[in-house]
Amino acid sequence: MTEAVARPIAGWARGVGRGTLVVLEHAGGMGRLLKAVVSAIVRLKVSAREVVTQMQVMGIQSLPIVLVTASLAGVVTSQQGGYQFQGNLPLYVLGSLVVQTMVLEMGPVLTAIVLVGRVGARITAELGTMVVSEQIDAYHSVGRDPVAILVAPRVIAGIIVMPLLVAIADLVGILVGMFAAKLTTGLGYESFLYGARLFWHSWDLLYSLTKALAFGFAIPLISTHMGLRTGGGAAGVGRQTTAAVMFMTLTVLILDALFPPLMLQ
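For the sequence shown, our numbering begins at 41 and goes up steadily by one.
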């Protein structure tokens, strides 16, 4: 009986140990990569043109799906809030619910998840393909720094673009939610805005944009780190891209859980 109990416990402990080692290994690798990125920026080795190109890829090309996601989030929040508030609370509180939900949570998190799937996976696949096709080795052989060329511009672009996308998502989600409230519950625009102002804090916008800044830093850093660790040919690129999406999604959710106790207390 003792052996039957001890065996699964030992297997669980080994699994936890292996998982811890993997996490520590990735943390150390990203720390070294971040140090190289900072060094490239300080030494002015990063091309401004490449940063602008990456901003276009991450920002302008991601804008349509961000707008669609924010609009749907605003509609769903407005409809569910209207259903819950009818007969229990003044309907103008729906304005506060939509605004607070979009600004504090839905806008930053949904935009980050969109960028994980659209941008993060793409970066990992691009860099992973370059690794397995020995293009990264070619950079080293001619004395060029792949971190300054491939990693730093993407990290800088993510930090700049993500707060802008989140601000647009917040605004669009609120406006669409206001229109949806008018159509589904009959709540007037003036009453909606009154409820929104009633519980609004100027700190909320800073909180939303700070979240966006953290997500915009984490997504390109993790995706480039995972891409540069790729091995095993085309199959390795697929496995690494899948793992990168998983790590980025978990990181976004973990950071999201850490923000309220750090900034809303």
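All C-beta atoms, glycine included, are put in the ideal place defined by N, C-alpha and C. Values in this document were obtained by computation on a predicted structure and should not be read as measured data.
Beta-carbon spacing of residue i, residue j below 7 Å
{"i": "residue 91", "j": "residue 252", "result": "no"}
{"i": "residue 202", "j": "residue 276", "result": "no"}
{"i": "residue 284", "j": "residue 263", "result": "yes"}
{"i": "residue 69", "j": "residue 172", "result": "no"}
{"i": "residue 135", "j": "residue 224", "result": "no"}
{"i": "residue 286", "j": "residue 259", "result": "no"}
{"i": "residue 220", "j": "residue 149", "result": "no"}
Exposed unless 16 or more other CB atoms sit within 10 angstroms - verdict on residue i
{"i": "residue 129", "result": "exposed"}
{"i": "residue 210", "result": "buried"}
{"i": "residue 57", "result": "exposed"}
{"i": "residue 163", "result": "buried"}
{"i": "residue 294", "result": "exposed"}
{"i": "residue 303", "result": "exposed"}
{"i": "residue 184", "result": "exposed"}
{"i": "residue 94", "result": "buried"}
{"i": "residue 307", "result": "Outside the shown range of the chain (41 to 305) lies residue 307, about which nothing can therefore be said."}
Three-state class that DSSP yields for residue i in the structure shown
{"i": "residue 184", "result": "coil"}
{"i": "residue 85", "result": "coil"}
{"i": "residue 130", "result": "coil"}
{"i": "residue 66", "result": "helix"}
{"i": "residue 269", "result": "coil"}
{"i": "residue 102", "result": "coil"}
{"i": "residue 239", "result": "coil"}
{"i": "residue 305", "result": "coil"}
{"i": "residue 145", "result": "helix"}
{"i": "residue 226", "result": "coil"}
{"i": "residue 90", "result": "helix"}
{"i": "residue 166", "result": "helix"}
{"i": "residue 111", "result": "helix"}
{"i": "residue 136", "result": "helix"}
{"i": "residue 41", "result": "Because the pLDDT of residue 41 is 47, which lies under 50, any placement of that residue in the model is unreliable, and the question is left without a value."}
{"i": "residue 173", "result": "coil"}
Rounded Cβ spacing between residue i and residue j (contact assumed at less than 8 Å)
{"i": "residue 152", "j": "residue 292", "result": "5 Å"}
{"i": "residue 246", "j": "residue 207", "result": "Going by Cβ atoms, the distance from residue 246 to residue 207 rounds to 11 Å, so no, they are not a contact pair."}
{"i": "residue 161", "j": "residue 281", "result": "5 Å"}
{"i": "residue 218", "j": "residue 232", "result": "5 Å"}
{"i": "residue 138", "j": "residue 118", "result": "5 Å"}
{"i": "residue 144", "j": "residue 244", "result": "6 Å"}
{"i": "residue 87", "j": "residue 193", "result": "7 Å"}
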